[in-house]
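In order, the protein sequence lines correspond to chains A and B.
Going by my numbering, 218 is the number at position 218 of the first sequence; the sequence numbering is gapless.
Just add 1000 to the spot in the second sequence (first one is 1) and you have my numbering.
I have placed the structure first, in the form of C-alpha cells, so that the comments after it can refer back to it.
Protein chains: 2
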Amino acid sequence: MSATIKDIAKIVGVSPSTVSRVINGTAPISDEVTARIRKAMKEMDYHPNARARSFATGVTNTAGLVMNATNEATFSNSFFNRSVFAIEKVLQDHAYNLLIANDNGQSDSQILELVQGKKVDGLIIPSSSLDDRLISFLQNAEFPFVVMGEPARRAEEVPWVDVDNEQGAVEGTEELLRSGYPEAVLIADDDETVFSRNRLRGYREAVQLRCREQVVMAHHRYEDLGKKLVKEVGSLQNKGFLCASNEIAFYTRRALKELEIQVPEKAGIVTFDNYPLAEYMDPPFTAIDVDTYQLGEKAAEMLMECMHGKKIVQHQLIRTKLLVRASSGRTIRRE
Amino acid sequence: MSATIKDIAKIVGVSPSTVSRVINGTAPISDEVTARIRKAMKEMDYHPNARARSFATGVTNTAGLVMNATNEATFSNSFFNRSVFAIEKVLQDHAYNLLIANDNGQSDSQILELVQGKKVDGLIIPSSSLDDRLISFLQNAEFPFVVMGEPARRAEEVPWVDVDNEQGAVEGTEELLRSGYPEAVLIADDDETVFSRNRLRGYREAVQLRCREQVVMAHHRYEDLGKKLVKEVGSLQNKGFLCASNEIAFYTRRALKELEIQVPEKAGIVTFDNYPLAEYMDPPFTAIDVDTYQLGEKAAEMLMECMHGKKIVQHQLIRTKLLVRASSGRTIRRE
DNA sequence: TCAGTGCGTGCAACCGTTTGCACAGTGTTA
DNA sequence: TAACACTGTGCAAACGGTTGCACGCACTGA
C-alpha cells in the first residue's frame, strides 16, 4: 500500500489536517513543520490520492470531451486530432485532465452518466451531438459546458466556438474573383448544417453585385459531378470554383481535366479544408485552412472560465486562413 | 444536492448496504425489496456517485491513453484518430472511461502523477513515450499497461501491439516486382525507429535473390530527393519505388515527372500509409494501409485483460492491407 | 428433531482527504 | 493594559459508497 496523509502525519508528529494544509497551502504552517512534512513526503514517496481528494472536495479536476462516433468526418480530417491536443494542453495547464466520451448516437446515456455520476466537472460537446434535451438538462443542472461548432438551435443560449465559415467563404471567393476569373461558383453538399449555411452566406456576400450567384449542390454524389456542373453552369471555362471539401475539389479538378480546361489558366479552384496531401495535388490546391488547434484551445479556455463560475455565455469565431497555392491562379499570374 | 444511497435507503426503509447490493448485484436481495428500491431510485433520479464509488472500491474504471505531443506525426496522420475511437469503444463496452494524458517530453510527470495519484487503472502508451525508467516504474508498481508500437528496448518484457511493418514491406515490394518492374528500391527516412527497421527488413526479405537491394535514405530532406535518387540508383526507369511515407511518395512521383518517366508505365510507386487524398493523386497511389482502428482495439482489449489480473505478456501484430491503385501498375497491365 | 446450508438483510468499519471550528500563543493597537 | 487580530495547529465530522461479519429465518437431509 502506498503512503497516506495519515502516515505522514504520524511520522512527523502532526495531525493529518496540517499535512493537508501544507500540500494545498490552504493555511499558514510554520516553515519548520512544513519542511519536516515535505521531507517525510519525499522519503515515503507520498502522492495524494486523487480519488480520495475528488471525493472529499466534490470536484474531479477532469473535463469531458464528447466525440461523435457516427460522424465519420470527425476522423477523416484532422479536426479531432489537433483540437484534442489543444484541449488537453489547456486543461493540463490548469491541472485538469481530459476524459473522452463517445456520443454513440443512441441516446446520450454515456454523456448523462458522466455528468450525473459526477465523473467530470465540465463538458465540451460538438454541436452535432447537441439536442434540445441535452441543452435543457445541462442548463438545468447548471453544468458547465462549451459547444464546438455553432449550434443549429438555441445558439444564443449556450457558449460555443466555431470556425468563421462565412469569412472563409468570403475570402475564398474573393481570391477567385481577384485572380481574374469573371465568375465564382460554389459547389457544396446540401446538408442543412449551420456551417454549410454560413459558407453559403459568405459566398453570397462576396459575390454580390460582382457576378451572378451560382451554387451547385453535389449531394455527396461525386462521380457524376462533372456532368452536373456542365448541366447547371454551362461552360466551365473562366470560372472560379469554391469547393466545400477537398473531395469535391478533387472531383471538380478531374472534371476540368476531362474537359481539357486547364487549371489555373482557364479555371480556378479554392477548397475548404486542408488535408495532408492537398498541397501535393496537381496543381496544388489553394485552401481555406482551419486552425483546429486554436479551435480546441478556445473551447477549453472558455470551459475553464465556465467551470470557475463565470456565467457569461459567449461565442467565438476562429478566423480561417487562406493558403494560396497554384490552383487559384494568382501565384501563376504573378510571375 | 442529488440523492444519495442513504436517501434511497431511508425512503424505502432498508439499510444503505441493501441498496448498494441491489445496484451492484453483489448479494441476493428479495424481488420485492429490489423492486421498491428500483422504484425509489427512479423517482428520486438517483445516480451512483462515481467519485465516492472509486474512493470506496479503489478503482476508477478509467484507463489512460498517453499521446505524444512532440511527435507531430501523431497528428498529421489518422493514426491517433481512429485508434482513439476504437479504444474508447472497447473501454466503453467494459464500462470503462478513457482519459487522455500528454507526454510532454519534459519528464513523465503527468503520466506518473496519473498512476501515483490513482486516477487511472491502466495505461496505453505509445512506444515513443516509453523509456527504461517508465517501464521499470510501471513493472515495479505492477501497474497494468500496454504499449502501442513495438518498443525499441525490452520488447519481450512488456505487452504491445504493432502494425506488421515487415509484412507490409514484403507485400509492397512483391507488388512492385510482380507488376513487372525488374528492380525494387526502398526510399525511407533513416530514423532508427523500430518500425523503420522492420520495414527495411521486410523489403530485404522480399527482394532477396530477386533483384539487388537498393535503399535510399531521404533523411527528411525531400526537396532534392530527385537528384539524390538519380545519383544513388542511376536511371529511374524500370524501377519500382517503395516509399516509406506519402510525402516521400509524392516527391518521388514529382521527380519521375520531371524526368519524364511515366508512372506506372515506366516506374511504379507503392507507399506506406494511406492519407485521405492518396487515392486522388495522379496516378492514385497504391498504398500499404494500416487498420488503426484495429490497432487501438487490440491495445484496449489487451489492456482490459491486464487490468483484470491476467499477467501474460503478449505481443500482437496487425496485418497491413495493400490497396492496389494505379501507381503500381498492376491494374493497368491487367487490361 | 437437530445440525447444516443458503437466503436476505443490517451493522459498522473503512477508503484518504478536506475543512469548519476551536483554541493557545504572540503581537498590535488604543 | 485590555481588547483585538493574526498565526499555527488539532479535532472531528463529513464526503457516498462498499463489504466482512453476523444473524435470523426457512429449508433440507439424516
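Glycine included, each C-beta is placed from N, C-alpha and C at the ideal position.
Just so we're clear, the structure is a prediction, and the values are computed from it rather than from any experiment.
Query raised in the report: Who are the Cβ neighbours of A/F145 in its own chain at under 8 angstroms, not counting the five residues just before and after it?
Result: G122, L123, I124, I125, L138, V158, P159, L303 and C306
Query - Coil, strand or helix - A/A50 by DSSP - result: helix
Query raised in the report: Counting along the chain, where does the alpha helix (DSSP H) carrying B/K1119 start and finish?
Result: That residue, B/K1119, is in no alpha helix (DSSP H); it is neither H nor E in DSSP.
Report task. For B/P1048, go through chain A and note every residue whose CB falls closer than 8 angstroms to its CB, in chain order. Result -> G117
**Report entry** 8 angstroms Cβ cutoff, A/Q139 in contact with chain B
**Finding:** no
Query raised in the report: With a cut-off of 8 angstroms, does the C-beta of A/S76 fall near any C-beta of chain B?
Result: In this prediction, A/S76 has a pLDDT of 47, which is less than 50 and means its spatial position is unreliable; what the coordinates show is noted afterwards. Yes, because at least one Cβ of chain B sits closer than 8 angstroms to the Cβ of A/S76.
Query - Length of the line joining the Cα atoms of B/G1149 and A/T271 - result: Approximately 35 angstroms, taken between the alpha carbons.
Requested in this report: Express the C-alpha separation of A/Q92 and A/H3 in angstroms, rounding to a whole number.
Outcome: For the record, residue 3 of chain A in the displayed sequence is Ala; it is not His. Cα to Cα, the separation comes out at about 25 angstroms.
Query raised in the report: Interface residues of chain B around A/M41 at Cβ under 8 angstroms?
Result: Within chain B, no residue comes near A/M41; the closest Cβ sits about 12 angstroms away, beyond 8 angstroms.
Query raised in the report: From which residue to which residue does the alpha helix (DSSP H) around B/C1306 run?
Result: T1292 to M1307
Query raised in the report: Within this structure, are the beta carbons of B/T1062 and B/V1120 separated by less than 8 angstroms?
Result: Yes, the pair counts as a contact, with Cβ atoms nearer than the cut-off.
Query raised in the report: In chain order, what residues of the same chain lie with their CB nearer than 8 angstroms to the CB of A/E301, ignoring the 5 residues before and after it?
Result: Within the same chain, A/E301 has close Cβ partners V90.
Query raised in the report: Are the region 1205 to 1214 of chain B and the region 1287 to 1302 of chain B touching by the rule of at least three beta carbon pairs closer than 8 angstroms?
Result: no
Query raised in the report: Residue range of the beta strand (DSSP E) that B/K1227 falls in?
Result: That residue, B/K1227, is in no beta strand (DSSP E); its alpha helix (DSSP H) goes L1225 to V1233.
Query raised in the report: Could you give the distance in angstroms between the alpha-carbon of A/E175 and the alpha-carbon of B/L1236?
Result: 39 angstroms
**Report entry** C-beta neighbour in chain B for A/A336, strict 8 angstroms
**Finding:** Past the boundaries of the shown model lies residue 336 of chain A; chain A is included only from 1 to 335, so the question cannot be answered.
Report task. Could you pull out every unbroken beta strand (DSSP E) segment of at least 3 residues lying fully inside the region 197 to 225 of chain A, listed in chain order? Result -> 214 to 217
Query raised in the report: For chain A, is any of its Cβ atoms less than 8 angstroms away from the one on B/A1278?
Result: yes
Query raised in the report: Is B/V1014 closer than 8 angstroms to B/I1005 when the C-beta atoms are compared?
Result: no
Query raised in the report: With distances taken from CA atoms, which of B/Q1214, B/G1117 and B/N1068 is nearest B/K1239?
Result: B/Q1214
Query raised in the report: Helix, strand or coil for B/F1250 per DSSP?
Result: The answer is helix: DSSP assigns B/F1250 an H, G or I state.
Query raised in the report: Do B/G1168 and B/G1329 come within 8 angstroms of each other at the CB atom, strictly closer than that value?
Result: no
Query raised in the report: Which residues of chain B have a Cβ atom closer than 8 angstroms to the Cβ of A/F250, listed in chain order?
Result: L1277 and Y1280
Requested in this report: Would you mind sorting A/N24 into buried or exposed? The rule is 16 or more other CB atoms within 10 Å of its CB.
Outcome: Classification of A/N24: exposed, given that the 10 Å Cβ count is below 16.
**Report entry** When A/G202, A/R221, A/L277 and A/P276 are compared against A/T252, the one with the closest alpha-carbon
**Finding:** A/R221
Report task. Would you list the one or two residues that DSSP bridges to A/Q316? Result -> A/V161
Query raised in the report: Comparing the C-beta of B/S1328 with each C-beta of chain A, is any distance below 8 angstroms?
Result: no
Query raised in the report: Sorted by chain position, which residues of the same chain lie with C-beta nearer than 7 angstroms to A/V313's C-beta, five sequence neighbours on each side aside?
Result: Around A/V313, the same chain offers E157, V158 and P159 as residues with beta carbons nearer than 7 angstroms, after the five sequence neighbours per side are excluded.
Query raised in the report: Taking Cβ positions only, does B/A1052 come closer than 8 angstroms to chain A?
Result: yes
Requested in this report: Could you have a look at A/T18 and say whether DSSP puts it in helix, strand or coil?
Outcome: helix
**Report entry** Own chain residues within Cβ distance below 7 angstroms of A/A326, not counting five before or after
**Finding:** P264, P283, P284 and I332
Query raised in the report: So is A/Q262 buried or exposed if we call it buried at 16+ other beta carbons inside 10 Å?
Result: exposed
Query raised in the report: So what's B/N1102 in DSSP terms, helix, strand or just coil?
Result: DSSP places B/N1102 in strand when its eight states are reduced to three.
Requested in this report: Would you mind listing the beta strand (DSSP E) stretches within the region 172 to 198 of chain A that are 3+ residues and don't spill past its ends, in chain order?
Outcome: List check, beta strand (DSSP E) in window: 183 to 188.
Requested in this report: Count the other CB atoms, across all protein chains shown, that sit within 10 Å of the CB of B/K1039; report buried if there are 16 or more and exposed otherwise.
Outcome: exposed
Query raised in the report: Would you say A/V14 faces chain B, with C-beta separation under 8 angstroms as the test?
Result: no
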